[in-house]
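Below is one structure, written out as structure tokens, with a few remarks after it.
2 protein chains.
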Amino acid sequence: MSNHSDAANKKVCVLLVDDDHDVLGANARYLRLNDLTVVVADQAGTAIERLRADPVDIVVTDLRMPDCDGIEFARQVREITPLLPIVFFSGFATVPEIVEAMKLGAVDFLEKPVEPDHLLGKIRSVSASFRSAIALQRQALDISDTTVPLRKRVRAYEKYVIESCLLQHNGRISCVLETLDINRRTLNEKMNRLGIVRNPV
Amino acid sequence: MSNHSDAANKKVCVLLVDDDHDVLGANARYLRLNDLTVVVADQAGTAIERLRADPVDIVVTDLRMPDCDGIEFARQVREITPLLPIVFFSGFATVPEIVEAMKLGAVDFLEKPVEPDHLLGKIRSVSASFRSAIALQRQALDISDTTVPLRKRVRAYEKYVIESCLLQHNGRISCVLETLDINRRTLNEKMNRLGIVRNPV
DNA sequence: GCGATGTAGGCAATTTATTGCCTATAATCG
DNA sequence: CGATTATAGGCAATAAATTGCCTACATCGC
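Which chain is which? The protein sequence lines are A and B, in order. Numbering-wise, this note's numbering puts 1076 at position 174 of the first sequence, and it's gapless, one number per residue. Numbering-wise, this note's numbering puts 931 at position 29 of the second sequence, and it's gapless, one number per residue.
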């Protein structure tokens, strides 16, 4: 679908999550008309599956979902892809929810109802300007108040470092070995353990 | 006094901005009792003056102020000190306000009324993470040129997480154990390995 | 003083991670 | 085609981290 190998004419691929089927359908249609690839899901579980199945460039999700709250969903997304930009929208959001979402690296927070056109603009600007140092920094440095095992945090951090490094060197393992000053066998083991997928260069 | 190390001796300096004099006074008193230096201001203009006059380590401000809104204030702060951590609090904040505040680099957003104790914990954790943030940033996020071993990065990150957590819970080991979901012996070992000093509570 | 609480650390068993050696599999080049 | 390069992974030795058990020490309230 969204083949990452050809940067020039690659379509931006959006994972759109909303439990309201009408809104979901309408937005998806509008985005597709505007030359985006759209993967839809009407709940968090499905969205995570889709995410595992197919790499996307940005996640746009409702904060309120029937099967799982958006913050928890964002955490799961972060475990799979620590770098993926997430845009939230919601009709009723509390202050801690918004703050937590932003800390989890949300790039924006829209209020319902979301204008399709506004959404499109947001997606375009985000996918264009993503990879701001601040976003990465926040994500890596954030310490939340909640109970998150140190083990888990360290794993997430390690994954993030390795993935960033991979991205930076276009998936060239030998460069990562050198940059991170690490034994090849160790890197292999870590990537397996952390579930880092090797995308073909 | 004499039982503190050099690093611990340096008091954290807080710029506290609130137009409610009673709350301002009460919070300032509480923070001072807990060994922080507090500079107060009851409006944005004065706060900016204070900021220019005297370097502070963290700004804690109301979002609503008589002479200027908090977002505009944060912009002015950013012009003077682009990296200074800002914590907002407010009773009525809109979604765009919170999002904008977080984008301007707010490190947190508290809801009024703010518990003095909660505020203290927040300030300590923020100033701690900020202190190590620069070092960590160099090691962890400056992926580009230098070869920084993954090992070293992970160590720095672990140290940073533990230290922040310690500060956030005012040095109470048992809380850290719970928050980080870690065995006591393991934490002890890690702290020794990473050279984390236990400052007396 | 005495017991309760919170903490540190020695020791040793166990688990987990690292890594060298060797082989295998693609892909690419000449 | 064969040689070269880049990579993955099995196996096993070794190194390091985790953690339970036990002891010790300080502090605090009674």
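The C-beta atom is built at its ideal place from N, Cα and C for all residues, glycine as well.
Given 8 Å, three or more beta-carbon pairs between the region 1018-1025 of chain A and the region 993-1000 of chain A: no
Residues bridged to S1076/B (per DSSP): None, per the DSSP bridge assignment.
Chain A contact for E1091/B (CB, 9 Å cutoff): no
Contact under 9 Å by Cβ, V979/A with A943/A: no
Reduced DSSP category for I988/A - H, G, I as helix; E, B as strand; rest coil: strand
Chain A contact residues for I1000/B, given Cβ-Cβ distances below 7 Å: V997, I1000 and V1001
Start-end ranges of the beta strand (DSSP E) lying completely within the region 952-978 of chain A, minimum 3 residues: 960-964
9 Å Cβ cutoff, D964/B in contact with chain A: no
Best match in L986/A, D922/A, Q945/A and R1057/A for proximity to L1097/A [C-alpha to C-alpha]: Looking at the sequence shown, residue 1097/A is not Leu but Gly. Closest option to G1097/A, Cα to Cα, is R1057/A.
Range of the contiguous beta strand (DSSP E) that encloses E1013/B: A1008 to E1013
Terminal residues of the beta strand (DSSP E) in which A943/A lies: T939 to A943
Nearest-angstrom Cβ-Cβ length linking V958/B and C915/B, presumed shorter than 8 Å: 5 Å
Per-residue burial, V1099/B [other beta carbons within 10 Å of its own, 16 or more giving buried]: exposed
Neighbouring residues, chain A, relative to L1068/B (Cβ below 9 Å): Here the premise fails: no neighbours, minimum Cβ distance about 11 Å.
Chain-ordered neighbours of M1004/B on chain A, where CB pairs are closer than 7 Å: V1001 and M1004
Element boundaries [beta strand (DSSP E), containing V916/A]: C915 to V919
Contact check, R1095/B vs D1083/A, beta carbons under 9 Å: no
Beta carbon of Y1059/A nearer than 9 Å to that of Y1059/B: yes
Residue-level contact to chain B via CB, D1010/A, 9 Å cutoff: yes
Collapsed DSSP secondary structure at G1097/A in the structure displayed: coil
Helix, strand or coil at D1083/A [DSSP, three-state]: coil
Closest by C-alpha distance to R966/B, when choosing among R1074/B, P1051/B, E1013/B and L953/B: E1013/B
Proximity test, Cβ basis, 9 Å: E1060/B and chain A: yes
Inter-residue Cα distance where the pair is V989/A and N929/A: 14 Å
9 Å Cβ cutoff, L1075/B in contact with chain A: The amino acid at residue 1075/B is misidentified as Leu; the sequence shows Ile. By this cut-off, I1075/B is not an interface position.
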